[in-house]
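Heads up, the final residue of the sequence shown is numbered 157 in our numbering, and it's a clean run with no missing numbers.
Here a beta-carbon is modelled for each residue, glycine too, at the ideal position from N, C-alpha and C.
What follows is a short report on a single structure.
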Amino acid sequence: MDLSDLHQVLHWASEGKTRELENLFNQSLQLRAIGATVDLSDQEHPLVLLKEVQPMHLGGIGGAAVNGGIISMLVDLAIGLLGIPYYKEGLTATHHLSIHFVKPLMAKAIRLEAEKTHVLHNRVFGHVKVMNEKNEVCAYATGTVVKGIKKT
């Protein structure tokens, strides 16, 4: 299954089937294609992991840094995972992202940690730290997820 079919299993979150959701993400075409995995063991602090940076992930300054587009894609995934506890209300979607690149992400592996900061009406606000294998923050982001979207 790819992630475009996620609406079919939204009820898993309210049923506590976190491991099943995690497996759905990790076995999806999208995450397998980029070599990323998610860790949903703590839904308040979901993780996105890229255990091995590959040449396809590079392309920053001089070609040795992880490309900003790859970082943006991983940040979008991480902030979006903050919507999982709200799946019982309907679909979720990233509404806003603001990414700050602190230094070139020269890494063998990447870890993104997301954290919810607050909820206001149908918006979930959070931030994400993007770290290399030495746990150095190379980028950080703030973002908003819209919750309760009804499929038409």
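Rounding to the nearest angstrom, what Cα-Cα distance links Glu25 and Asp44 in this structure? Locating residue 25 in the sequence shown gives position 20, where the first residue counts as 1. Locating residue 44 in the sequence shown gives position 39, where the first residue counts as 1. A direct Cα-Cα distance of roughly 11 Å separates Glu25 from Asp44.
Mapping the DSSP letters down to three states, classify Met111 as helix, strand or coil. Here residue 111 corresponds to residue number 106 of the sequence shown, with the count starting at 1. Met111: coil per DSSP, three-state reduction.
According to DSSP, is Glu141 part of a helix, a strand, or is it coil? Numbered from 1 along the sequence shown, position 136 holds the residue referred to as residue 141. Three-state result, Glu141: coil.
Under 8 Å: do the region 142-153 and the region 82-94 share three or more Cβ pairs, one atom per stretch? Under the three-pair Cβ rule at 8 Å, the region 142-153 counts as touching the region 82-94.
Bridge partner(s) assigned by DSSP for Ala119: Taking the first residue of the sequence shown as 1, we reach residue 119 at position 114. Among the bridge pairs identified by DSSP, Ala119 is matched with Val133.
Tell me which residues share the same chain as Leu79 and place their Cβ nearer than 6 Å to its Cβ, disregarding the 5 neighbours each side in the sequence. Here the question's residue 79 lines up with position 74 in the sequence shown. For Leu79, where only same-chain residues beyond five positions count, the Cβ hits under 6 Å are Val53 and Leu117.
Taking buried to mean at least 16 other C-beta atoms within 10 Å of its own C-beta, is Gly131 buried or exposed? Your numbering for residue 131 matches position 126 in the sequence shown. Classification of Gly131: buried, given that the 10 Å Cβ count is 16 or more.
Using 10 angstroms around the beta-carbon of Glu20, count the other beta-carbons present and answer buried if the total reaches 16, otherwise exposed. Within the sequence shown, numbered from 1, the residue matching residue 20 stands at position 15. Exposed, since its Cβ has fewer than 16 Cβ neighbours within 10 Å.
CA-to-CA distance, His12 to Ile154, given in whole angstroms: Stepping through the sequence shown from its first residue, residue 154 is reached at position 149. Stepping through the sequence shown from its first residue, residue 12 is reached at position 7. Roughly 10 Å separates the two Cα atoms.
Sequence-distant residues of the same chain with beta carbon closer than 8 Å to Ser77, five excluded per side: Position 72 of the sequence shown, counted from the first residue, corresponds to residue 77. Listed in chain order, the non-local C-beta contacts of Ser77 below 8 Å within the same chain comprise Leu102 and Ile104, local neighbours out to five positions each way being set aside.
Do you know offhand how far Ala70's Cα is from Ala119's? Position 65 of the sequence shown holds residue 70. Position 114 of the sequence shown holds residue 119. Taking the straight line from one Cα to the other gives about 22 Å.
Selection from Leu8, Leu15 and Ser9 that minimises the alpha carbon distance to Tyr92: For the purposes of this step, residue 92 is taken as residue 87 along the sequence shown, with counting starting at 1. Closest by alpha carbon: Leu15.
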